[in-house]
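Notes to accompany the following structure.
Number of protein chains: 4
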Amino acid sequence: MIKVGVIGSTGYAGQQLVWLLHRHPDVRISFLSSNSYVGSSFSKVYGNYSKNLEMLCINMEEAENRLDEIDILFIALPHGKSFNLVKKSLDLGVKVVDLGADFRLKDENAYKQWYNIDHEAVDLLSNAVYGLPEINRDIIKNSNLIANPGCYPTASILALSPLLKNNLIEKSSIIIDAKSGVSGAGRSLNVSTLYGECNESIKAYAISSHRHTPEIEQALSQVANEDIYLSFTPHLVPMNRGILATCYANLVNDISEEELHDLYSSFYENEHFVRIIKDLPETKWVKGSNICDISIRVDKRTKKVIVISTIDNLIKGAAGQAVQNMNIMFGIDENMGLDLLSMFP
Amino acid sequence: MIKVGVIGSTGYAGQQLVWLLHRHPDVRISFLSSNSYVGSSFSKVYGNYSKNLEMLCINMEEAENRLDEIDILFIALPHGKSFNLVKKSLDLGVKVVDLGADFRLKDENAYKQWYNIDHEAVDLLSNAVYGLPEINRDIIKNSNLIANPGCYPTASILALSPLLKNNLIEKSSIIIDAKSGVSGAGRSLNVSTLYGECNESIKAYAISSHRHTPEIEQALSQVANEDIYLSFTPHLVPMNRGILATCYANLVNDISEEELHDLYSSFYENEHFVRIIKDLPETKWVKGSNICDISIRVDKRTKKVIVISTIDNLIKGAAGQAVQNMNIMFGIDENMGLDLLSMFP
Amino acid sequence: MIKVGVIGSTGYAGQQLVWLLHRHPDVRISFLSSNSYVGSSFSKVYGNYSKNLEMLCINMEEAENRLDEIDILFIALPHGKSFNLVKKSLDLGVKVVDLGADFRLKDENAYKQWYNIDHEAVDLLSNAVYGLPEINRDIIKNSNLIANPGCYPTASILALSPLLKNNLIEKSSIIIDAKSGVSGAGRSLNVSTLYGECNESIKAYAISSHRHTPEIEQALSQVANEDIYLSFTPHLVPMNRGILATCYANLVNDISEEELHDLYSSFYENEHFVRIIKDLPETKWVKGSNICDISIRVDKRTKKVIVISTIDNLIKGAAGQAVQNMNIMFGIDENMGLDLLSMFP
Amino acid sequence: MIKVGVIGSTGYAGQQLVWLLHRHPDVRISFLSSNSYVGSSFSKVYGNYSKNLEMLCINMEEAENRLDEIDILFIALPHGKSFNLVKKSLDLGVKVVDLGADFRLKDENAYKQWYNIDHEAVDLLSNAVYGLPEINRDIIKNSNLIANPGCYPTASILALSPLLKNNLIEKSSIIIDAKSGVSGAGRSLNVSTLYGECNESIKAYAISSHRHTPEIEQALSQVANEDIYLSFTPHLVPMNRGILATCYANLVNDISEEELHDLYSSFYENEHFVRIIKDLPETKWVKGSNICDISIRVDKRTKKVIVISTIDNLIKGAAGQAVQNMNIMFGIDENMGLDLLSMFP
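Chains as they are written, first to last, in the working numbering: chain A, 6 to 350; chain B, 6 to 350; chain C, 6 to 350; chain D, 6 to 350.
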């Protein structure tokens, strides 16, 4: 059994992670830490666990003292909060999957520029592996520190990698127009995420300035083997879960939808969690699963390719991918505990 | 492996059943029948199954010809459509779980009165067992024909049985005010279930005339050992899933909330799928699970007891309970394939 | 022109009031006060007013200093916050409509019991008029202090008054099962009103203990001319607006739905904002209007009457009724500024 | 008083039009025609009109016979259904506003290509005026036949016209990523618009093939004075109303957000229904109004401009704009009957 601890277990990503770990056949949860609910039973915070997970939430200090009980630590905290904890864990030989943003950008200056704080564990940046298994599986296997990708980046990178890998598009023409359910904004108190404010409305936000932009660019630059700059616009949609990314780029050659479909199918043919489909993706078909659906369209009139991808932001976009990374790190079946299809409706 | 067939697999209850059967470790699906999608791949109808369940939907006639392949048949059809199919199946030694209403009422006259058609398999009525395991587990075990309870009845009967079993309330004072998500109305085309018609609105419907009324009364009469008549009002709520039943009755004696909580806890102490809780139930905590949450309140000022119960209408209220019944009929672990907690949010 | 001030203008009820006052042909808004947004343009808080209402929000102190500019003050504050303000306004000859709860209960002990604080303006309680025009129109006309009814009470009292006035039901048998949209919970920050917590779920809350209970009882006792105690259960429904109240009582005599429909129609025949309808009410048909729809059903099997009423909680249940009261107090056409039908969908 | 008739009054756009006409101070509705509800009271179809608009729906034939009663006919039918009706109306001197698509494209071949049927009133195409007042006000005034713009085109053309008029962008770089509420899909029966299918999900549809594409291109080509081809992707969002268009283009010169904001403000400075705002638009702030909110962002890193516009698809995107056109055609105040701000929440 893999013994795990979870820091930040009562946020939306954290509780989704607990849900997956709780049903994972090879995992035993050692402790759950929470900032807001120290001393509460987990089932008091999330009633779905009533009679099933009555473990009390501990605070960060106690969690640090119990690192020796676990094999792997999952951290689901806001950026800038986990530097010391990561160091301490690694020193003790505990593997880390950080669902936060602190170890995603390789360049400490980029980190400072986009996150407005200094990086306090620069020496670990080179060890950290960007945990998108479809791109980095081999190095994830031997890593002790995984920077779990953001939700928008997961959907965007999976959608665009085959095009860039195969030099099919103008590198400067990429636009990602992404739409997310409200759980992406987390559980912290904010007027803008009250029911009455989100329901029955859609908005764009953080245009050209969202922190997932450099993360997407870094990963796609790696795939393309040259620097990629792109335009990224996120939107907030009145639904609990799901991300749909609509990705646009100019094609450099004539190529048909059919050819692109085949190319994508080959690119991902061994991937359990990526489905290249002919119908247009809808978030409802991946909600609650670790799956990314991708479909490709060519606009012949304007010579553009449009790639649509969908994920569940809390699963493939956060907790599910974290478990997928753990599975790889521990050499067990990659889809263990992740064999979920979307429940409908 | 239990070999199963599903009739009406593409309705909302049907597809939920397929979802559960598909992941059930002891089940192999032999065929899926559909009225509207004959010849289509199941994954073409429900995109969540893409690359996972590509089986083609067959029509009823073909299904009838393939009854010899299976151990148990699940039927999810509107009432009045399955009389012959049930007979034929039983004749062939195939067990049947009917998710429809045809075998729930023991009295053929009551059936005619509430459903406006003649019952065409009256001789089977005495064999049919009302498949609410928490009440009828022992006779379910040895039955070949299970009338799977309706969604509202499941929530209502579980909420009220302990009170009636213990003679705690005035028998004529029961009022059930129930609220259901829209999936309860099924997938058939109807202006009233279009998005624009349901969203952002609530309504009551079928007041004093809903067909689940005699079903609830029959089951509670059995529990109380005398005839029960009650008032039942269903409502349609803008959400996909979930039923919340608010049940009112006059207490005959002084009894405290605490005593009632303990009494309920004892009544259901061996039940895996009923949770007696102190907090008030919310449908979100049972959505996607086979669980029924129940909480009890006493209004001292008016000497009334208010019992609140919640279920997922498509799982404990339909497909999950059908699988639970199958598990009992085949002598396997009752919660096999049903070990689901609600995923949040 | 009636010159008005609004205290608490940036809460959900407050901003709905501003919306109505802003388009009222006989009203000029003198000032808007806010606790949270002092110094902000109103359109910065609520973007719908962009280029239309750029007035800056002032604080309570400044509002008090400007009472001499206005004819009437609307107060939309939590209970217990407006005692002094009401006194000061009345002393200056400014009429007051209090949308809060402080002057609704006539009995200071009941106030203390249900609201857990002392009433600090007991001498004003006898002057205050409960502002439900359909019941108290005549005394509203000559009042300077209106206690604007709560949302649940408005729907409940209008639904039940004709039955009680005509002695048609057992007085102790009344049950009100009410369902409200989320805006009823206000705009204050609370985990329980975050989008992810409310969406796709329904719950009951404050069973037997909601503060609207004594308010409903007081008004119905006045109508019935004897003390009424009833059971009231509110529910939270995932929609922005609307209340549906399902009211149950035991009939004392045989009376048909048709007779009751006629009786209700007569009772409300001169009322512009009450519609007695044959179809079952749905909140979507009154959303955005000052209208209360009511329909009556008789359950012959159990000799119960079920009355369903719907209102928009922010309009007839708050701001619209406040304007209706103002119109009456100033002797202008009662539906001035309130000639709104629900916009669909 | 302007006497009006409405064809297709019971569709979603039709009933919104009736709502606006019913409260328009200068309008008298002569007749309402419907395909599905002939002989029904309008209030029976839409309960919000109970006791307020009990007029019976007539059929198309009767409507044709009563054209002499009216000054203007509004047609809200699917494309291809109104050719003869338009001819007949114009022959009788009745002005026409067609909310359908038949007279929007000037080129009959383009019509055939995109709508797959022959145009049967080609001779009227040159008379028809594309009814976007902000672009074509002067010719609307003297026209008898208005082709009322589509919903997506309204939002898109208003967003992009200032850029094209001023030659600020690369003409071939335009991408419009638009998101619409479900009412845009109309009220006809379709599995894909059932509540359970739309709720809690987002999808793209009709990529590169939506019929609004040539309409947007035609209007923008007129503004730019050269042929424009662009990529247009619509999405379906789980909300009743609202369109948000996110428009991307490559800037040809360095220009700041501030300069663009001023340029847009000047471009629309006399427009009552267009608001150039600094905050990012949200559909909730225009829902229920005839207003289009527009905000401009520059992505300096990629030299792109992103223009966000929001409208209510049923008002500025259909019925409101139709009334606006009527007001212009009859020389009355353009915002008569359209003085609506969004009601929140």
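Where is the CB? At the ideal position from N, CA and C, for every residue including glycine.
Query - Selection of the segment 279-295 of chain A by Cβ proximity to chain D, strictly under 9 Å - result: Answer in chain order: Leu285, Pro286, Glu287, Thr288, Lys289, Trp290 and Lys292.
Report task. Indicate the three-state DSSP secondary structure (helix, strand or coil) for C/Ala115 in the structure shown. Result -> Three-state DSSP puts C/Ala115 in a helix.
Query raised in the report: Excluding sequence positions up to five away, which residues of its chain have a Cβ less than 8 Å from the Cβ of D/Glu339?
Result: Once the five neighbours on either side are set aside, the close Cβ partners of D/Glu339 are Pro138, His277, Gln329, Asn332 and Ile333.
Query raised in the report: Which of helix, strand or coil does DSSP assign to B/Pro138?
Result: DSSP places B/Pro138 within a helical segment (H, G or I) once states are collapsed to three.
Requested in this report: Report the neighbours of D/Asn204 on chain B: residues whose CB is nearer than 9 Å to its CB, in chain order.
Outcome: Around D/Asn204, the beta-carbon contacts reaching into chain B at under 9 Å are Val187, Tyr200, Cys203, Asn204, Pro243, Met244 and Asn245.
Query - Chain-ordered chain C contacts of B/Tyr253 [CB-CB under 9 Å] - result: Chain order gives the chain C residues near B/Tyr253 as Ile180, Asp182, Ser236, Thr238 and Tyr253, where near means a beta carbon separation below 9 Å.
Query raised in the report: Which runs of the beta strand (DSSP E), 3 residues or longer, sit entirely within the segment 117-190 of chain C?
Result: Counting whole runs of 3 or more residues, the segment 117-190 of chain C contains the beta strand (DSSP E) stretches 150-152 and 180-185.
Query raised in the report: Considering only the beta carbon of each residue, do B/Ala183 and B/Thr238 sit closer than 8 Å?
Result: Between B/Ala183 and B/Thr238, the C-beta gap is smaller than 8 Å, which places the two residues in contact.
Query raised in the report: Do you know offhand how far D/Lys117's Cα is from D/Leu110's?
Result: Looking at the two C-alpha atoms, the distance is approximately 10 Å.
Query raised in the report: Under 8 Å, do C/Leu194 and C/Leu256 count as touching if we go by C-beta distance?
Result: No; because the gap between Cβ atoms is not below 8 Å, this pair is not in contact.
**Report entry** Uninterrupted beta strand (DSSP E) stretches inside the segment 244-291 of chain B (no shorter than 3 residues)
**Finding:** Listed in chain order, they are 248-255 and 279-281.
Query raised in the report: Roughly how far, in whole angstroms, is the beta-carbon of B/Lys283 from the beta-carbon of B/Ser347, given that I think they are within contact range, below 8 Å?
Result: The beta-carbon distance between B/Lys283 and B/Ser347, rounded to whole angstroms, is 18 Å. This is too long to meet the 8 Å contact definition.
Query raised in the report: Residues of chain C with CB under 8 Å from B/Ile117, in chain order?
Result: Ile is not the amino acid found at residue 117 of chain B; the sequence shown has Lys there. Here the premise fails: no neighbours, minimum Cβ distance about 17 Å.
Query - Nearest-angstrom Cβ-Cβ length linking B/Lys100 and B/Asp76, presumed shorter than 8 Å - result: The Cβ separation is near 7 Å, so the contact holds.
Report task. Using a Cβ-Cβ cut-off of less than 7 Å, give me the residues of the segment 306-329 of chain B that come near chain C, in sequence order. Result -> Contact annotation: in the segment 306-329 of chain B, residues whose CB is within less than 7 Å of a CB in chain C are Arg306, Thr307, Lys309, Ile311 and Ile313.
Report task. Within the same chain, show all residues whose beta-carbon is closer than 6 Å to that of D/Ser39, passing over the 5 residues directly before and after it, in chain order. Result -> Closer than 6 Å at Cβ, skipping near neighbours: Ser14, Thr15 and Cys62.
Query raised in the report: Cα-Cα, which of B/Ser213, B/Val187, B/Glu205 and B/Ala229 is closest to B/Ile162?
Result: Cα-wise, what sits closest to B/Ile162 is B/Ala229.
Query raised in the report: Is A/Asn57 near A/Ser46, with beta carbons less than 8 Å apart?
Result: Note that the C-beta distance between A/Asn57 and A/Ser46 is not below 8 Å.
Requested in this report: Return helix, strand or coil for C/Ser197, following the three-state DSSP convention.
Outcome: In the structure shown, C/Ser197 falls within a helical segment according to DSSP collapsed to helix, strand and coil.
Query - Cβ-based burial, D/Lys305 [other Cβ within 10 Å; buried from 16] - result: So D/Lys305 counts as exposed.
Query - B/Pro5, DSSP secondary structure in three states - result: Absent from the model: residue 5 of chain B. The displayed extent of chain B is 6 to 350, so no value can be given.
Report task. Taking all protein chains shown into account, decide if D/Met244 is buried (16 or more other Cβ within 10 angstroms of its Cβ) or exposed. Result -> Within a 10 Å sphere around the beta-carbon of D/Met244 sit 16 or more other beta-carbons, which makes this residue buried.
Report task. Give the C-beta separation of D/Ala209 and D/Gly155 to the nearest angstrom, bearing in mind that I take them to be a contact with Cβ-Cβ under 8 Å. Result -> Contact flag wrong, Cβ pair sits at about 18 Å.
Query - Distance between D/Val303 and D/Ala224 (C-alpha atoms, nearest Å) - result: CA-CA distance, D/Ala224 to D/Val303, rounds to 24 Å.
Query raised in the report: Quick one, which of C/His84, C/Leu265 and C/Pro350 has its alpha-carbon nearest C/Ile311's?
Result: For the residues C/His84, C/Leu265 and C/Pro350, the minimum Cα distance to C/Ile311 belongs to C/Leu265.
Report task. Using a Cβ-Cβ cut-off of less than 8 Å, give me the residues of the segment 154-166 of chain C that come near chain B, in sequence order. Result -> Flagged: no residues at all.
Report task. Would you give the residue range spanned by the beta strand (DSSP E) that D/Leu78 belongs to? Result -> Membership of D/Leu78 in the beta strand (DSSP E) is indicated by the continuous run Ile77 to Ile80.
Requested in this report: Just the C-alpha distance for C/Ala327 and C/Val134, rounded to the nearest angstrom, thanks.
Outcome: Cα-Cα distance, rounded: 12 Å.
Query - Within-8 Å CB hit, A/Val43 to chain C - result: For A/Val43, no CB of chain C lies under 8 Å from its own CB, so it is not counted at the interface with that chain.
Query raised in the report: In chain order, what residues of the same chain have a beta carbon less than 6 Å from the beta carbon of D/Ile362, not counting five sequence neighbours either side?
Result: Within the shown structure, residues of chain D are numbered from 6 to 350, placing residue 362 of chain D beyond reach of any answer.
Query raised in the report: In chain C, which residues lie with their C-beta within 8 Å of the C-beta of A/Tyr51?
Result: Around A/Tyr51, no beta-carbon contact reaches into chain C at under 8 Å, the shortest distance being about 11 Å.
Requested in this report: Kindly indicate which three-state DSSP category A/Cys62 falls into: helix, strand or coil?
Outcome: The DSSP-derived three-state label of A/Cys62 is coil.
Query raised in the report: What residues from the segment 210-221 of chain B come within 7 Å of chain E, judged by C-beta to C-beta, listed N to C?
Result: In the structure shown, chain E does not exist; the protein chains are A, B, C and D.
Query raised in the report: Going by alpha carbons, who is nearest to D/Glu67 out of D/Ser35, D/Val23, D/Lys92 and D/Pro83?
Result: Considering only alpha carbons, the answer is D/Ser35.
Query raised in the report: If you measure from the beta carbon of B/Tyr17 to each beta carbon in chain D, is any gap under 8 Å?
Result: It does: the Cβ of B/Tyr17 has a partner Cβ on chain D nearer than 8 Å.
Query raised in the report: Counting only beta-carbon atoms, is C/Lys208 nearer than 8 Å to chain D?
Result: Put simply, the CB of C/Lys208 is far from chain D, with every gap to its CB atoms at 8 Å or more.
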